[in-house]
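Let me begin by presenting the structure, written as structure tokens, before commenting on it.
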Amino acid sequence: MGRLIHRVKATRIDLAGHRRVVREEALAAEEPLEIRLGHESFTVTMRTPGDDFDLVAGFLVSEGIISVPDELISLRFCAGEDENGQQTFNVVEAQLRPDVALPALSARRNVTTTSACGICGTASIDAVRKSSHYPITSPVDQPLVKAEVLASLPEELREQQKLFDKTGGVHAAGLFAPDGELLSLREDVGRHNAVDKVVGAAFRERRLPLANTILQVSGRASFELVQKAAMAGVPVLAAVSAPSSLAVDLARESGLTLVGFSRGKTLNVYTHDARIGD
1380 MGRLIHRVKA TRIDLAGHRR VVREEALAAE EPLEIRLGHE SFTVTMRTPG
1430 DDFDLVAGFL VSEGIISVPD ELISLRFCAG EDENGQQTFN VVEAQLRPDV
1480 ALPALSARRN VTTTSACGIC GTASIDAVRK SSHYPITSPV DQPLVKAEVL
1530 ASLPEELREQ QKLFDKTGGV HAAGLFAPDG ELLSLREDVG RHNAVDKVVG
1580 AAFRERRLPL ANTILQVSGR ASFELVQKAA MAGVPVLAAV SAPSSLAVDL
1630 ARESGLTLVG FSRGKTLNVY THDARIGD
């Protein structure tokens, strides 16, 4: 398995003290992961190594390719070596059930997906407006989580970010119960990868759809994060920063409650606010 942390030399410039200090810094690893369907390459994503099978499973769920664990026969690392002849663990092959329809060539990712944007290689925005196998079933007119609990989740998420503590360079996604219990947490240089890892872990444990849960993410709420939450049946997505306009549109359309600027004692609820109780 690839290293989660790389150590490099950096020159720290202290303007106040008028000095330069060379010291070792810990950086979050970022490496490519090629995802293959059978023996055919599907996409390449940039990610932090670790929980790669969860990442692939979650990605395939969010792409609408699989919806139940029986459709995913196996996941395995394929041969791949670095310049020193060491296994890189940077290629994962997903073997799907024979009756699972593979995506058309026009829908496949034709460029490397970066850790900053998960849909950059998608042919068009229409390609990611998929119908979920897990429609959101939580009532939109009844409270699911108290506002006080929801406002506490970013701090709880941050306290559990072990890799961030060491590097300061990764995003996190946490799945919570309505009472604030942390069910699952994953970290990655890409916020969309962190969400895929959380969804993939739940998928492999046969816990989808993720009804009556809250997905809390670091950073902003993009269109793609809303799509991934909706595809897994998550009724509430909360972010510490702003949502995009398209994210709000999709959340409203999907029946998902979208929360932004969740910081301390305040938060903005952009869609279906009746799920947030007093």
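Residue numbers for the sequence shown follow this note's numbering, beginning at 1380 and rising by one. Each residue gets a CB set at the ideal place from its N, CA and C atoms; glycine is no exception.
Just the Cα atoms here: how many angstroms apart are residue 1387 and residue 1568? Within the sequence shown, residue 1387 is the residue found at index 8, counting from 1. Within the sequence shown, residue 1568 is the residue found at index 189, counting from 1. Those two C-alpha atoms are separated by around 17 Å.
Buried or exposed (CB count within 10 angstroms, at least 16 for buried), residue 1478: The residue given as residue 1478 occupies position 99 in the sequence shown. Looking at its Cβ environment, which holds fewer than 16 other Cβ atoms inside 10 Å, residue 1478 is exposed.
When you compare each of 1625, 1609 and 1580 to residue 1434 by their alpha carbons, which one comes out closest? The residue labelled residue 1434 in the question sits at position 55 within the sequence shown. Out of 1625, 1609 and 1580, 1580 has the C-alpha closest to the C-alpha of residue 1434.
So what's residue 1591 in DSSP terms, helix, strand or just coil? Along the sequence shown, one-based indexing puts residue 1591 at 212. In this structure, residue 1591 counts as coil in the three-state DSSP scheme.
Verify whether the separation of the beta carbon atoms of residue 1612 and residue 1546 is less than 9 Å. In the sequence shown, counting from the first residue as 1, residue 1612 sits at position 233. In the sequence shown, counting from the first residue as 1, residue 1546 sits at position 167. Against a cut-off of 9 Å, the Cβ pair of residue 1546 and residue 1612 comes out as no contact.
Does DSSP put residue 1638 in a helix, a strand or coil? Indexing the sequence shown from 1 puts residue 1638 at position 259. Looking at residue 1638 - three-state DSSP - the assignment turns out to be strand.
Apply the 10 Å Cβ neighbour rule to residue 1585 and answer buried if 16 or more other Cβ atoms are within range, or exposed otherwise. Counted from its first residue, the sequence shown places residue 1585 at position 206. With fewer than 16 Cβ atoms within 10 Å of its Cβ, residue 1585 is classed as exposed.
Can you give me the C-alpha to C-alpha distance between residue 1608 and residue 1436, rounded to a whole angstrom? By 1-based counting over the sequence shown, the position of residue 1608 is 229. By 1-based counting over the sequence shown, the position of residue 1436 is 57. Roughly 14 Å between the two C-alpha positions.
Along the chain, where does the alpha helix (DSSP H) containing residue 1606 start, and where does it finish? As a working mapping, residue 1606 is identified with position 227 in the sequence shown. Note, residue 1606: alpha helix (DSSP H), 1602-1610.
Could you have a look at residue 1556 and say whether DSSP puts it in helix, strand or coil? Numbered from its first residue, the sequence shown carries residue 1556 at position 177. In the structure shown, residue 1556 sits in coil (DSSP, three-state: anything other than H, G, I, E or B).
Less than 9 Å between the C-beta atoms of residue 1629 and residue 1602, yes or no? As a working note, residue 1629 is residue 250 in the sequence shown. As a working note, residue 1602 is residue 223 in the sequence shown. Yes, the pair counts as a contact, with Cβ atoms nearer than the cut-off.
Given residue 1656, which residues of its chain have a CB within under 6 Å of its CB, disregarding the five upstream and five downstream residues? Residue 1656 sits at position 277 when you count from the first residue of the sequence shown. Taken in chain order, the residues that qualify are 1522 and 1525.
For residue 1396, which residues of its own chain have a beta-carbon under 6 Å away from its beta-carbon, when the five flanking residues on both sides are left out? Counting from one through the sequence shown, the residue named residue 1396 turns up at place 17. Taken in chain order, the list of residues that qualify is empty.
Can the beta-carbon of residue 1427 be found closer than 9 Å to that of residue 1554? Along the sequence shown, one-based indexing puts residue 1427 at 48. Along the sequence shown, one-based indexing puts residue 1554 at 175. It is not a contact, given that the beta carbons lie outside the stated cut-off.
Tell me which same chain residues have a C-beta within less than 8 Å of the C-beta of residue 1577, skipping the five on either side of it? Position 198 of the sequence shown, counting from 1, holds the residue named residue 1577. Taken in chain order, the residues that qualify are 1433, 1437, 1552, 1553, 1554, 1563, 1564, 1565 and 1594.
Residue(s) in a DSSP beta bridge with residue 1618: The residue given as residue 1618 occupies position 239 in the sequence shown. According to DSSP, residue 1618 bridges with 1596.
Rounded straight-line distance, which links the Cα of residue 1634 to that of residue 1504: As a working mapping, residue 1504 is identified with position 125 in the sequence shown. As a working mapping, residue 1634 is identified with position 255 in the sequence shown. Because the pLDDT at residue 1504 is just 41, under 50, the model does not fix this residue reliably, and the value given afterwards should be weighed accordingly. Rounded to whole angstroms, residue 1504 to residue 1634 spans 19 Å at the Cα level.
Please confirm whether residue 1413 and residue 1401 have their CB atoms less than 9 Å apart. Within the sequence shown, numbered from 1, the residue matching residue 1413 stands at position 34. Within the sequence shown, numbered from 1, the residue matching residue 1401 stands at position 22. Taking 9 Å as the Cβ cut-off, residue 1413 and residue 1401 do not qualify as a contacting pair.
For the alpha helix (DSSP H) that residue 1393 lies in, which residues bound it at each end? Translated into positions along the sequence shown, residue 1393 becomes position 14. Not the alpha helix (DSSP H): residue 1393 falls in the beta strand (DSSP E), residues 1384-1393.
Measuring alpha carbon to alpha carbon, tell me which of 1393, 1447, 1439 and 1407 ends up nearest residue 1588. Taking the sequence shown and counting its residues from 1, the one referred to as residue 1588 is at position 209. Measuring from the Cα of residue 1588, the nearest candidate turns out to be 1447.
Going straight from the alpha carbon of residue 1606 to that of residue 1441, what length do you get? Your numbering for residue 1606 matches position 227 in the sequence shown. Your numbering for residue 1441 matches position 62 in the sequence shown. About 7 Å.
In whole angstroms, give me the CA-to-CA distance for residue 1502 and residue 1557. Sequence index remark: in the sequence shown, residue 1502 carries index 123 (1-based). Sequence index remark: in the sequence shown, residue 1557 carries index 178 (1-based). Confidence in residue 1502 is poor, its pLDDT being 40 and thus under 50, which makes the residue's placement too unreliable to answer from.
Residues that DSSP places opposite residue 1474 in a beta bridge: Here residue 1474 is taken as the residue at index 95 of the sequence shown, counted from 1. 1453, per the DSSP bridge assignment.
Is residue 1448 helix, strand or coil by DSSP? By 1-based counting over the sequence shown, the position of residue 1448 is 69. Reduced to three states, the DSSP call for residue 1448 is helix.
Could you tell me if the beta carbon of residue 1514 falls within a distance shorter than 8 Å of some heavy atom in the ligand FMN? The ligand FMN is not among the ligands present in this structure, which contains no ligands whatsoever.
If we ignore side chains and look at the alpha-carbon of each, how far apart do residue 1638 and residue 1468 end up? For the purposes of this step, residue 1638 is taken as the residue at position 259 of the sequence shown. For the purposes of this step, residue 1468 is taken as the residue at position 89 of the sequence shown. Using only the alpha carbons, I get a separation of about 36 Å.
So if DSSP puts residue 1563 in a beta bridge, which residue, or which two residues, is it bridged to? Position 184 of the sequence shown, counted from the start, is the residue given in the question as residue 1563. 1554, per the DSSP bridge assignment.
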